[in-house]
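Novice: In this note's numbering, the protein residues as written are 259 to 566. Here a beta-carbon is modelled for each residue, glycine too, at the ideal position from N, C-alpha and C.
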Amino acid sequence: MVGLIISVLVAILGLQLLTKIVIQLGDYLAPKLGSFTFLGTFISDMGDILGMSIVVITAAIAAGIFSSIGDRTGKVITSHVNKPAAKTLSMLLSMLAGAVLSILIMQALNWFYEFDNLAVTIYWPVAIGAVIGLVTSARMAPKDDLPVGIVLYYIARTVFNGLRSIEALVWVIVFVVWVGIGPFAGVLALSLHTIAALAKLYSEQVESILPGPMEAVTATGANRLQSIVYAVVPQIIPPYISFTMYRWDINVRMSTIIGFAGGGGIGFLLYQNINLLNYRGASLQMLAIALVVASMDYLSSRLREKAI
Numbered sequence: 259m260v261g262l263i264i265s266v267l268v269a270i271l272g273l274q275l276l277t278k279i280v281i282q283l284g285d286y287l288a289p290k291l292g293s294f295t296f297l298g299t300f301i302s303d304m305g306d307i308l309g310m311s312i313v314v315i316t317a318a319i320a321a322g323i324f325s326s327i328g329d330r331t332g333k334v335i336t337s338h339v340n341k342p343a344a345k346t347l348s349m350l351l352s353m354l355a356g357a358v359l360s361i362l363i364m365q366a367l368n369w370f371y372e373f374d375n376l377a378v379t380i381y382w383p384v385a386i387g388a389v390i391g392l393v394t395s396a397r398m399a400p401k402d403d404l405p406v407g408i409v410l411y412y413i414a415r416t417v418f419n420g421l422r423s424i425e426a427l428v429w430v431i432v433f434v435v436w437v438g439i440g441p442f443a444g445v446l447a448l449s450l451h452t453i454a455a456l457a458k459l460y461s462e463q464v465e466s467i468l469p470g471p472m473e474a475v476t477a478t479g480a481n482r483l484q485s486i487v488y489a490v491v492p493q494i495i496p497p498y499i500s501f502t503m504y505r506w507d508i509n510v511r512m513s514t515i516i517g518f519a520g521g522g523g524i525g526f527l528l529y530q531n532i533n534l535l536n537y538r539g540a541s542l543q544m545l546a547i548a549l550v551v552a553s554m555d556y557l558s559s560r561l562r563e564k565a566i
């Protein structure tokens, strides 16, 4: 545990140093890039975002460490007391944990929306979190393990669902305000939406793998990592390639719409040619898009054949 804490502290200090380097690099490059000044500005902004994120990352890591310590300590304590006392202690600690978690969530929302109302940011979250913690502890035995993996899974799934629910066309408007009109805003919008969409497809593919190969590899005495490498990975590689190439196909077609909203790229050129009544140029660009999509379909099929 001590080694883990030291490693975490070193990682946090490394992130702090990286933040300063990225900010200084962006400030240095911005006046020297000419037409690509936005790249330097973006690098500097990413350094600022990373600096702000360090606080959140540190808090999440600290919460994980303390929850692990609390879980072990709680099991030791409950093993030395009678069942009613253990149940009471479990309820009290669960209520405290629920209240603290609710306060943290509302403080994060308050940072965005500035409620500036103690009833909204403190009192109600404490009450609601305590009730949720009480109900949770009442449904679990004092010595039950906390399903941290399931909790993280649902949190990540909720975040990706939220990101995916906002179309790339809306994201590009946000990024145009942030980094300016150009292809960089379109790349950011498509990347964010692509990550959220592929995360859902990838996770569902892992959840739907056949249990037979997993059981066979486990029966040979393989550990968990070996089971994943030899039983899970071979089942997910072909669909992963297919999903990735299909998403690339979608991004190529979506880039035309993104360009209409200021995202640059071939869509912006197509929009210009249509406005200038240059239909010959517009037709050539649409033909280029069709050729790229057809080429990617052929490449995807070849990659799947080699993977299988």
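Confirm, please, whether the CB-CB distance from L448 to S360 is below 8 Å.
Specialist: No; because the gap between Cβ atoms is not below 8 Å, this pair is not in contact.
Novice: Drop a sphere of 10 angstroms on the beta-carbon of Q592, count the other beta-carbons inside from all chains shown, and report buried for 16 or more, exposed for fewer.
Specialist: Coverage of the chain is limited to positions 259 through 566, which leaves residue 592 absent and any answer about it impossible.
Novice: Considering only the beta carbon of each residue, do V430 and A414 sit closer than 8 Å?
Specialist: No, they are not a contact pair.
Novice: Report yes or no: do three or more beta-carbon pairs, one from the region 546-564 and one from the region 475-486, lie closer than 8 Å?
Specialist: The region 546-564, when compared against the region 475-486, does not touch it at the 8 Å Cβ threshold.
Novice: Confirm, please, whether the CB-CB distance from I532 to L427 is below 8 Å.
Specialist: It is not a contact, given that the beta carbons lie outside the stated cut-off.
Novice: Can the beta-carbon of Q484 be found less than 8 Å from the beta-carbon of I467?
Specialist: It is not a contact, given that the beta carbons lie outside the stated cut-off.
Novice: Do T299 and V437 come within 8 Å of each other at the CB atom, strictly closer than that value?
Specialist: Cβ distance < 8 Å, so V437 and T299 count as in contact.
Novice: Quick one: Cα of Y488 to Cα of A454, how far?
Specialist: Spanning the two alpha carbons is a distance of roughly 27 Å.
Novice: Which runs of the alpha helix (DSSP H) at least 4 residues long sit entirely within the region 335-418? Give them in chain order.
Specialist: For the region 335-418, whole alpha helix (DSSP H) runs of length 4 or above, ordered along the chain, are 341-371 and 382-397.
Novice: Let's see if you can read the secondary structure: which residues bound the alpha helix (DSSP H) around G444?
Specialist: Element bounds for G444: P441 to E465.
Novice: Within 10 angstroms of the Cβ of F370, are there 16 or more other Cβ atoms? Answer buried if so, exposed if not.
Specialist: Looking at its Cβ environment, which holds fewer than 16 other Cβ atoms inside 10 Å, F370 is exposed.
Novice: Smallest Cα separation from V313: which of L273, A457 and I281?
Specialist: With distances taken between Cα atoms, V313 lies closest to L273.
Novice: Taking 8 Å as the limit between beta carbons, can you name the residues of its chain near I380, skipping five residues before and five after?
Specialist: Correct list, in chain order: I361 and M364.
Novice: Determine the direct distance from the alpha carbon of K290 to that of D303, and round the result to whole angstroms.
Specialist: Cα to Cα, the separation comes out at about 17 Å.
Novice: Under a Cβ-count criterion, where at least 16 other Cβ atoms within 10 Å of its own Cβ denotes burial, should T277 be classed as buried or exposed?
Specialist: With 16 or more Cβ atoms within 10 Å of its Cβ, T277 is classed as buried.
Novice: Using 8 Å for Cβ pairs, my map puts G391 next to A343. What's the rounded Cβ distance?
Specialist: Contact flag wrong, Cβ pair sits at about 18 Å.
Novice: When you compare only the Cα positions, how much space is there between F567 and L456?
Specialist: The shown model of the chain, from 259 to 566, leaves out residue 567, and the question about it has no answer.
Novice: Between which two residues does the alpha helix (DSSP H) harbouring T514 extend?
Specialist: From DSSP, the alpha helix (DSSP H) with T514 extends over V491 to I516.
Novice: What does a CB cutoff of less than 8 Å around V464 pick up in its chain, not counting 5 residues either side in sequence?
Specialist: Closer than 8 Å at the Cβ level, and outside the excluded window around V464, lie V490 and I494.
Novice: Note the first and the last residue of the continuous alpha helix (DSSP H) segment covering Y529.
Specialist: Per DSSP, Y529 belongs to the alpha helix (DSSP H) from G523 to N533.
Novice: Helix, strand or coil, according to DSSP, for I315 in the structure here?
Specialist: Helix, per DSSP.
Novice: Cβ atoms of V268 and G305: under 8 Å apart, would you say?
Specialist: Contact: no.
Novice: With DSSP collapsed to three states, give me the class of E563.
Specialist: Helix at E563.
Novice: Please work out which residues of its chain come closer than 6 Å, Cβ to Cβ, to A357, disregarding the five sequence neighbours upstream and downstream, and give them in chain order.
Specialist: Once the five neighbours on either side are set aside, the close Cβ partners of A357 are V384, G387 and A388.
Novice: Thinking just about the alpha-carbon of each residue, which of A320, R505, F518 and V432 is nearest to the one in Y460?
Specialist: Per the Cα distances, R505.
Novice: Helix or strand or just coil, what does DSSP make of T299?
Specialist: Note: T299 maps to helix in three-state DSSP.
Novice: Would you call A320 buried or exposed, if buried means 16 or more other Cβ atoms sit within 10 Å of its Cβ?
Specialist: It counts as exposed.
Novice: Please classify G520: is it buried, with 16 or more other beta-carbons within 10 angstroms of its beta-carbon, or exposed?
Specialist: Classification for G520: buried.
Novice: Where does the unbroken alpha helix (DSSP H) through E473 begin, and where does it stop?
Specialist: Where E473 is concerned, the enclosing alpha helix (DSSP H) stretches over P469 to A477.
Novice: State the Cα-Cα distance for the pair E372 and V378, rounded to the nearest angstrom.
Specialist: Rounded to whole angstroms, E372 to V378 spans 11 Å at the Cα level.
Novice: Does M353 pass the burial test, meaning 16 or more other C-beta atoms within 10 Å, or should it be called exposed?
Specialist: Per the 10 Å Cβ criterion, buried.
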